[in-house]
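In the UniProt record's numbering, the protein residues as written are 1 to 200.
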């Protein structure tokens, strides 16, 4: 479990295809402190560490993850947001983020402002249905509040700290980003659609 508060940024050093899956090597400032099996949110995708050095860690990426995230298309050298899993005694400063990406969004507009930037993102309607006005959304692993919604997209506001400390300061029109909706919305839908138990 993560919070969507980016701990650091790193870089995708290498991606090697392996029978429809991939092995990625990520440069991370905290790589030396990792252990095999640790979870690291990488551009919003939960990856499990398989090995590490003082500067990098390696993880396997399954075919499903490659299909629904940007990890299959990011050029080597791309900067990525990183966050280690939340410790049990840590502060939940963002919102509950699983690192289970729902789909890819595309930036359609960026409007710079004096105090924050507004960004419009479109996405598949099957993802948009779970996005609510003033609800939470994770974009490339960054916890944000939704400021407007449409049938096939939404708007977020990015403050200077977010623009400086994460990769969202580098996005522009046409940029593809990983989206994770609020897990509570998915559970709520599942519960309301579940058949009612009949009395025995």
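Even for Gly, the Cβ is constructed at its ideal location relative to N, Cα and C.
Are the beta-carbon atoms belonging to residue i and residue j less than 7 angstroms from one another?
i, j, result
"residue 154", "residue 146", "yes"
"residue 43", "residue 80", "yes"
"residue 173", "residue 107", "yes"
"residue 46", "residue 99", "yes"
"residue 49", "residue 36", "yes"
"residue 83", "residue 156", "no"
"residue 34", "residue 52", "yes"
"residue 4", "residue 27", "no"
"residue 176", "residue 70", "yes"
"residue 56", "residue 25", "yes"
"residue 184", "residue 86", "no"
"residue 181", "residue 131", "yes"
"residue 152", "residue 125", "yes"
Just confirm the distance between the C-beta atoms of residue i and residue j, as a whole number of angstroms; I'd bet it's less than 8 angstroms.
i, j, result
"residue 101", "residue 110", "22 angstroms between Cβ atoms; not a contact."
"residue 76", "residue 129", "Not confirmed; about 35 angstroms, so no contact."
"residue 123", "residue 105", "4 angstroms"
"residue 223", "residue 168", "There is simply no residue 223 to check, as the chain begins at 1 and stops at 200 in what is shown."
"residue 97", "residue 59", "With 8 angstroms as the limit, residue 97 and residue 59 do not qualify as a contact, their Cβ atoms being about 17 angstroms apart."
"residue 30", "residue 8", "6 angstroms"
Output the boundary residues of the beta strand (DSSP E) element that contains residue i.
i, result
"residue 117", "117-122"
Closer than 7 angstroms, CB to CB, is residue i near chain B or not?
i, result
"residue 146", "Annotation note: the requested chain B is absent from the structure, which comprises a single protein chain."
Which full runs of the alpha helix (DSSP H) of 4+ residues lie inside the stretch 19-100, going along the chain? Runs of alpha helix (DSSP H) with 4 or more residues, each lying fully within the stretch 19-100, are found at 63-68, listed in chain order.
Please give the ranges of any alpha helix (DSSP H) in the UniProt repeat "Lumazine-binding" (96-192), keeping only runs that are unbroken, at least 4 residues long and fully inside the region. 125-128 and 160-165, all fully within the UniProt repeat "Lumazine-binding" (96-192).
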